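*Asks:* Heads up: the protein sequence lines correspond to chains A and B, in order.
Each residue of the first sequence is one higher than the last, beginning at 1 in UniProt numbering.
Each residue of the second sequence is one higher than the last, beginning at 1 in UniProt numbering.
Dropping a structure here in structure tokens format, bear with me for questions.
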Amino acid sequence: MIRISVNGYEHTVDADPATPLLYVLRDHLALNGAKFGCGLGQCGACTVLVDGKAAFSCLTPISVLPGRRITTLEGLGTPEEPGQVQKAFIAEQAAQCGYCIPGMIMRAHALLQARPDPSEAEIRAAMDPQLCRCGTHMRILAAIRRAAREGAVPSYVGTIEGTRP
Amino acid sequence: MLRWWLLALATLVLVAIAGFAALAWQPSLPPAALPVTAFDPSLVARGRDLALIGNCNTCHTQEGGKAYAGGKPIPTPFGTIHATNVTPDPETGIGQWSLTAFVRSMREGVDREGNHLYPAFPYDHYARVTDEDLAALYAFLMTRRAVRHEAPPPDLPFPLNQRPLLAGWKLLFLKAGSYRPDPARSVEWNRGAYLAEGLGHCGACHTPRNRLGAEIASEHYNGGEAENWWGPPLNASSPASVPWTEASLFNYLRDWDPKHGGAVGPMAPVSHNLSQVGESEVRAMATYLTALMGPPSGERLGRTEAIAARPDAAPDPRLAAGERIYAGACATCHASGGQVPYTVNSLAYHTTLFGPDPRNVIQAVLRGIRPPEGAAGAIMPGYAEMLTDGQVADLLDYLRARFSDAPPWTDLERKVREVREDIPPTSGSLGGAQVESTPDLRRGG
Numbered sequence: 001m002i003r004i005s006v007n008g009y010e011h012t013v014d015a016d017p018a019t020p021l022l023y024v025l026r027d028h029l030a031l032n033g034a035k036f037g038c039g040l041g042q043c044g045a046c047t048v049l050v051d052g053k054a055a056f057s058c059l060t061p062i063s064v065l066p067g068r069r070i071t072t073l074e075g076l077g078t079p080e081e082p083g084q085v086q087k088a089f090i091a092e093q094a095a096q097c098g099y100c101i102p103g104m105i106m107r108a109h110a111l112l113q114a115r116p117d118p119s120e121a122e123i124r125a126a127m128d129p130q131l132c133r134c135g136t137h138m139r140i141l142a143a144i145r146r147a148a149r150e151g152a153v154p155s156y157v158g159t160i161e162g163t164r165p
Numbered sequence: 001m002l003r004w005w006l007l008a009l010a011t012l013v014l015v016a017i018a019g020f021a022a023l024a025w026q027p028s029l030p031p032a033a034l035p036v037t038a039f040d041p042s043l044v045a046r047g048r049d050l051a052l053i054g055n056c057n058t059c060h061t062q063e064g065g066k067a068y069a070g071g072k073p074i075p076t077p078f079g080t081i082h083a084t085n086v087t088p089d090p091e092t093g094i095g096q097w098s099l100t101a102f103v104r105s106m107r108e109g110v111d112r113e114g115n116h117l118y119p120a121f122p123y124d125h126y127a128r129v130t131d132e133d134l135a136a137l138y139a140f141l142m143t144r145r146a147v148r149h150e151a152p153p154p155d156l157p158f159p160l161n162q163r164p165l166l167a168g169w170k171l172l173f174l175k176a177g178s179y180r181p182d183p184a185r186s187v188e189w190n191r192g193a194y195l196a197e198g199l200g201h202c203g204a205c206h207t208p209r210n211r212l213g214a215e216i217a218s219e220h221y222n223g224g225e226a227e228n229w230w231g232p233p234l235n236a237s238s239p240a241s242v243p244w245t246e247a248s249l250f251n252y253l254r255d256w257d258p259k260h261g262g263a264v265g266p267m268a269p270v271s272h273n274l275s276q277v278g279e280s281e282v283r284a285m286a287t288y289l290t291a292l293m294g295p296p297s298g299e300r301l302g303r304t305e306a307i308a309a310r311p312d313a314a315p316d317p318r319l320a321a322g323e324r325i326y327a328g329a330c331a332t333c334h335a336s337g338g339q340v341p342y343t344v345n346s347l348a349y350h351t352t353l354f355g356p357d358p359r360n361v362i363q364a365v366l367r368g369i370r371p372p373e374g375a376a377g378a379i380m381p382g383y384a385e386m387l388t389d390g391q392v393a394d395l396l397d398y399l400r401a402r403f404s405d406a407p408p409w410t411d412l413e414r415k416v417r418e419v420r421e422d423i424p425p426t427s428g429s430l431g432g433a434q435v436e437s438t439p440d441l442r443r444g445g
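Now the structure itself:
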């Protein structure tokens with residue numbers, strides 16, 4: 001049994017301590033925002049925040065997480081009330097197939113918390129670990145610039161119904 | 001009587017100062033007639049290979065900057081030195097340098113104007129290079145695109161910022177004379193020795209240095225360091241898991257070897273450069289270096305396979321935390337038996353897990369690995385955001401026990417912290433950036 005904190009809620013998870021966080025999020029907590037892409041930390045589809053920093057959940061065993069705060073896409077907003085970065089991605093229509101977008105939004109959120117007014121070069125360097133195979137990069141970049149224009153990204157961790165243990 | 005002694009002492013001091021000044025003074029050489037462009041294309045082509053073997057571009061090209069235009073900060077234990085512009089720009093580069101001035105800089109560490117250069121520029125090695133090869137290198141550099149770019153001055157404290165003092169350093173540590181072949185050895189061995197000791201300057205990172213920053217001649221290739229990475233020994237004390245052969249070292253120096261993997265850290269650009277020069281040059285270096293390491297002792301043969309075959313389960317319950325991290329974070333690639341591209345059969349094949357210095361493993365875990373721009377090679381994500389210092393230390397304790405037969409590393413958590421301090425906050429995913437801590441405002445339950 002391992003206790004982890006996800007989107008502000010404490011969960012007690014019955015899983016092998018070596019299990020990657022991604023499987024626990026999807027299979028135990030039904031938080032399906034983070035996606036399985038490559039399982040090797042090379043595509044970024046599984047990106048979540050650990051203590052506010054972007055991390056590949058497919059390569060993060062839950063044994064290293066007790067005492068740390070995990071934020072997933074679901075923690076940033078709801079379909080009715082999307083978060084600031086989520087709203088910007090919708091406004092710019094940044095998704096095509098959409099599979100990479102949760103990871104993109106999480107890393108963009110981490111970037112904007114660390115650098116509220118990033119330069120174009122900083123955005124590109126920070127987003128480098130995230131792959132998109134549809135080729136919507138220009139819209140993704142536009143969405144991040146739009147989110148930055150709208151002021152500081154809120155650093156609170158929100159919750160949505162259904163993520164409660 | 002006292003007055004006589006004082007006079008004698010004053011005279012002695014004056015003579016010493018005058019002597020040192022004569023030693024330290026170097027004339028300014030006349031500017032070359034411009035433009036210096038008439039070079040035989042075959043000479044330029046040879047110079048290109050020699051520049052790659054000399055790894056000139058790695059220091060003299062800044063990240064995101066123009067080729068050979070300098071400006072890159074070179075960290076040294078004494079302070080930061082900025083590599084100079086070696087493009088033929090007449091104002092900020094070497095455009096006004098004659099061949100004579102270029103040869104003097106490479107062999108004596110003096111620029112055209114007569115200033116002593118810091119030995120971060122490895123003229124202690126370049127002094128071994130022949131006249132012909134220096135002429136080829138000159139032809140190559142003088143035919144690059146001239147870039148106007150002033151390199152920042154060195155950032156060194158007093159008295160190290162006094163360049164004339166370098167004359168004393170040179171008196172102690174700079175040996176004149178180009179490479180003298182050893183007639184008892186093969187042509188290939190001699191070619192390899194010439195390249196490795198001269199332009200290749202392998203010893204700069206693989207030989208320990210004394211407190212004045214000079215390589216310790218009696219400890220040639222006993223292992224050194226570069227940019228907070230460990231440079232493994234290249235002599236009989238090599239701790240390599242699988243003893244090196246000429247064939248495997250040739251593979252490693254050019255690209256990747258199935259028994260050792262590929263170069264990372266400051267060695268990565270070296271092998272990327274060597275992948276672009278004539279195979280015979282790299283084979284000669286592999287011949288020379290393998291001969292230095294000598295034939296391996298019997299107990300080293302076959303040990304890697306035996307270690308790799310051991311079970312992954314932690315042999316000691318104190319290593320269980322590290323085993324879980326390995327299983328959850330590393331095994332997907334590293335336990336694939338070499339199925340994932342650019343992974344070796346088992347981590348037991350990596351020399352760094354057998355060496356006395358854990359920094360290379362810490363660097364790889366925290367920063368991850370990526371190939372040089374435009375090259376194919378291993379990609380590994382960095383774990384700086386995912387693992388705390390203590391967790392990286394747990395992981396390394398486990399890796400050392402599971403994948404090597406060397407004694408445990410000590411004081412790992414401090415060493416992890418020190419390497420982490422070195423990682424710039426803007427690298428990759430802004431890993432080191434501070435994020436304000438956020439309370440769980442809406443904790444439910």
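Just so it is clear, CB atoms sit at the ideal spot from N, CA and C, and this is done for glycine as well.
Values in this document were obtained by computation on a predicted structure and should not be read as measured data.
Under 9 Å Cβ-Cβ, which residues of chain A neighbour LEU387/B?
*Replies:* For the purposes of this step, residue 387/B is taken as the residue at position 387 of the second sequence. Those are THR60 and VAL64, listed as they occur along chain A.
*Asks:* Taking the beta strand (DSSP E) that VAL6/A belongs to, which residues open and close that run?
*Replies:* Working through the first sequence from its first residue, we reach residue 6/A at position 6. VAL6/A -> beta strand (DSSP E) spans 2-6.
*Asks:* Taking Cβ-Cβ distances shorter than 7 Å, what residues in chain A pair up with ALA291/B?
*Replies:* Position 291 of the second sequence holds residue 291/B. Simply none; closest approach about 39 Å.
*Asks:* Would ASN222/B be called buried (16 or more neighbouring beta carbons within 10 Å of its own) or exposed?
*Replies:* Stepping through the second sequence from its first residue, residue 222/B is reached at position 222. So ASN222/B ends up on the buried side.
*Asks:* Which of helix, strand or coil does DSSP assign to ARG145/B?
*Replies:* Locating residue 145/B in the second sequence gives position 145, where the first residue counts as 1. Three-state DSSP puts ARG145/B in coil, outside helix and strand.
*Asks:* Report buried or exposed for GLN162/B, applying the criterion of at least 16 other Cβ atoms within 10 angstroms of its Cβ.
*Replies:* Reading the second sequence from its first residue, position 162 is the one you call residue 162/B. It is exposed - the Cβ of GLN162/B has fewer than 16 other Cβ atoms within 10 Å.
*Asks:* Determine, using beta carbons only, whether ILE325/B comes closer than 8 Å to chain D.
*Replies:* The chain labelled as chain D is not found among the protein chains of the depicted structure, namely A and B.
*Asks:* With H, G and I counted as helix, E and B as strand and the rest as coil, what does DSSP make of TYR126/B?
*Replies:* Position 126 of the second sequence, counted from the start, is the residue given in the question as residue 126/B. If DSSP states are grouped into helix, strand and coil, TYR126/B belongs with the helices.
*Asks:* Comparing C-alpha positions only, which one of GLU80/A, ARG69/A and MET127/A sits nearest to GLY8/A?
*Replies:* Your numbering for residue 8/A matches position 8 in the first sequence. Of the candidates GLU80/A, ARG69/A and MET127/A, the one whose C-alpha sits nearest the C-alpha of GLY8/A is ARG69/A.
*Asks:* Where does ASP40/B sit, in a helix, a strand or coil, going by DSSP?
*Replies:* Within the second sequence, residue 40/B is the residue found at index 40, counting from 1. Coil.
*Asks:* For GLN391/B, is the classification buried or exposed, using 16 other Cβ atoms within 10 angstroms of its Cβ as the cut-off for buried?
*Replies:* Locating residue 391/B in the second sequence gives position 391, where the first residue counts as 1. With 16 or more Cβ atoms within 10 Å of its Cβ, GLN391/B is classed as buried.
*Asks:* Does any residue of chain A bring its CB to less than 8 Å from the CB of ALA329/B?
*Replies:* Locating residue 329/B in the second sequence gives position 329, where the first residue counts as 1. It does: the Cβ of ALA329/B has a partner Cβ on chain A nearer than 8 Å.
*Asks:* Alpha carbon to alpha carbon, what distance is there between ALA24/B and LYS72/B?
*Replies:* Position 72 of the second sequence holds residue 72/B. Position 24 of the second sequence holds residue 24/B. Approximately 27 Å between the Cα atoms of the pair.
*Asks:* Just to make sure I have the definition right: I need the residues of chain B whose C-beta is within less than 7 Å of the C-beta of residue 167/A. Which are they?
*Replies:* The first residue shown for chain A is 1 and the last is 165, placing residue 167/A beyond what the model contains.
*Asks:* Counting only Cβ pairs nearer than 8 Å, list the residues of chain B close to residue 181/A.
*Replies:* Here chain A has residues from 1 to 165 only, and residue 181/A is not among them.
*Asks:* Taking 8 Å as the threshold (C-beta atoms), are GLY377/B and GLY200/B in contact?
*Replies:* If you number the second sequence from 1, residue 200/B lands on position 200. If you number the second sequence from 1, residue 377/B lands on position 377. No, they are not a contact pair.
*Asks:* Could you tell me which chain A residues have their CB closer than 9 Å to the CB of ALA376/B, listed as they occur along the chain?
*Replies:* In the second sequence, the residue the question calls residue 376/B occupies position 376. What ALA376/B touches in chain A: nothing, since even the nearest Cβ is about 14 Å away.
*Asks:* In whole angstroms, give me the CA-to-CA distance for ALA91/A and GLY65/B.
*Replies:* Numbered from 1 along the first sequence, position 91 holds the residue referred to as residue 91/A. Numbered from 1 along the second sequence, position 65 holds the residue referred to as residue 65/B. Between ALA91/A and GLY65/B, the C-alpha separation is close to 36 Å.
*Asks:* Given a cut-off of 8 Å, decide if HIS206/B and PRO233/B are closer than it, judged by their beta-carbon atoms.
*Replies:* As a first step, residue 233/B is located in the second sequence; it is residue number 233 there, counting from the start. As a first step, residue 206/B is located in the second sequence; it is residue number 206 there, counting from the start. Contact flag set, yes.
*Asks:* Hey, could you find the ends of the alpha helix (DSSP H) ARG367/B is sitting in?
*Replies:* As a working note, residue 367/B is residue 367 in the second sequence. 359-367 is the extent of the alpha helix (DSSP H) around ARG367/B.
*Asks:* Any chance you could list the beta strand (DSSP E) runs of at least 3 consecutive residues sitting entirely within the UniProt domain "Cytochrome c" (42-145) of chain B, in chain order?
*Replies:* Every unbroken stretch of the beta strand (DSSP E) spanning 3 or more residues and falling wholly within the UniProt domain "Cytochrome c" (42-145) of chain B is given here in chain order: 73-76 and 79-82.
*Asks:* List the residues of chain A whose Cβ lies closer than 7 Å to the Cβ of ILE379/B, in chain order.
*Replies:* Position 379 of the second sequence, counted from the first residue, corresponds to residue 379/B. Result: GLN42.
*Asks:* Does LYS87/A have its Cβ less than 8 Å from a Cβ in chain B?
*Replies:* Numbered from 1 along the first sequence, position 87 holds the residue referred to as residue 87/A. Chain B contact via Cβ: absent.
*Asks:* Using beta-carbon positions only, say whether ALA55/A and GLU385/B come within less than 8 Å of one another.
*Replies:* As a working note, residue 55/A is residue 55 in the first sequence. As a working note, residue 385/B is residue 385 in the second sequence. Contact: yes.
*Asks:* Please identify the residue among PHE121/B, GLY368/B, ASP405/B and ALA291/B whose C-alpha is closest to the C-alpha of GLY382/B.
*Replies:* Along the second sequence, read from residue 1 onward, the residue named residue 382/B stands at position 382. When each option's Cα is compared against that of GLY382/B, the closest is GLY368/B.
*Asks:* I'd like to check one pair, LEU353/B with ARG400/B: are the Cβ atoms closer than 8 Å?
*Replies:* Here residue 400/B refers to the residue found at position 400 when the second sequence is read from its first residue. Here residue 353/B refers to the residue found at position 353 when the second sequence is read from its first residue. It is a contact, given that the beta carbons lie within the stated cut-off.
*Asks:* Using the DSSP secondary-structure output, state which residues sit across from GLY224/B in a beta bridge.
*Replies:* The sequence position of residue 224/B within the second sequence is 224, counting from 1. Answer is GLY231/B, bridged to GLY224/B.
*Asks:* Note down, in chain order, every chain A residue with its Cβ under 7 Å from the Cβ of GLN391/B.
*Replies:* Here residue 391/B is taken as the residue at index 391 of the second sequence, counted from 1. Going along chain A in sequence order, the residues near GLN391/B (Cβ under 7 Å) are VAL64.
*Asks:* Looking at C-alpha atoms only, which residue of LEU396/B, ALA51/B and ARG420/B is the closest neighbour of LEU319/B?
*Replies:* In the second sequence, counting from the first residue as 1, residue 319/B sits at position 319. Among LEU396/B, ALA51/B and ARG420/B, the Cα nearest to that of LEU319/B belongs to LEU396/B.
*Asks:* Going by the CB atoms, is the gap between GLN113/A and VAL153/A shorter than 8 Å?
*Replies:* Numbered from its first residue, the first sequence carries residue 153/A at position 153. Numbered from its first residue, the first sequence carries residue 113/A at position 113. In this structure, GLN113/A lies closer than 8 Å to VAL153/A by Cβ.
*Asks:* Which residues in chain B sit within 7 Å of THR19/A, going by Cβ to Cβ distance?
*Replies:* Here residue 19/A refers to the residue found at position 19 when the first sequence is read from its first residue. Here the neighbours are GLY328.
*Asks:* CA-CA distance, GLU246/B and THR290/B?
*Replies:* Taking the first residue of the second sequence as 1, we reach residue 246/B at position 246. Taking the first residue of the second sequence as 1, we reach residue 290/B at position 290. One Cα belongs to GLU246/B, the other to THR290/B, and the distance between them is close to 6 Å.
*Asks:* Under the DSSP definition of a beta bridge, which residues are partnered with ALA55/A?
*Replies:* In the first sequence, the residue the question calls residue 55/A occupies position 55. For ALA55/A, which the question treats as bridged, DSSP gives the partners VAL48/A.
*Asks:* Does any residue of chain A bring its CB to less than 8 Å from the CB of ALA321/B?
*Replies:* One-based indexing of the second sequence puts residue 321/B at position 321. It does: the Cβ of ALA321/B has a partner Cβ on chain A nearer than 8 Å.
*Asks:* Could you check whether the segment 100-116 of chain B touches the segment 127-141 of chain B, counting it as contact only if at least three pairs of C-beta atoms, one from each stretch, sit closer than 8 Å?
*Replies:* yes
*Asks:* Can you grab the Cα-Cα spacing for the pair LEU274/B / GLY54/B, in whole Å?
*Replies:* Taking the first residue of the second sequence as position 1, residue 274/B is located at position 274. Taking the first residue of the second sequence as position 1, residue 54/B is located at position 54. Taking the straight line from one Cα to the other gives about 9 Å.
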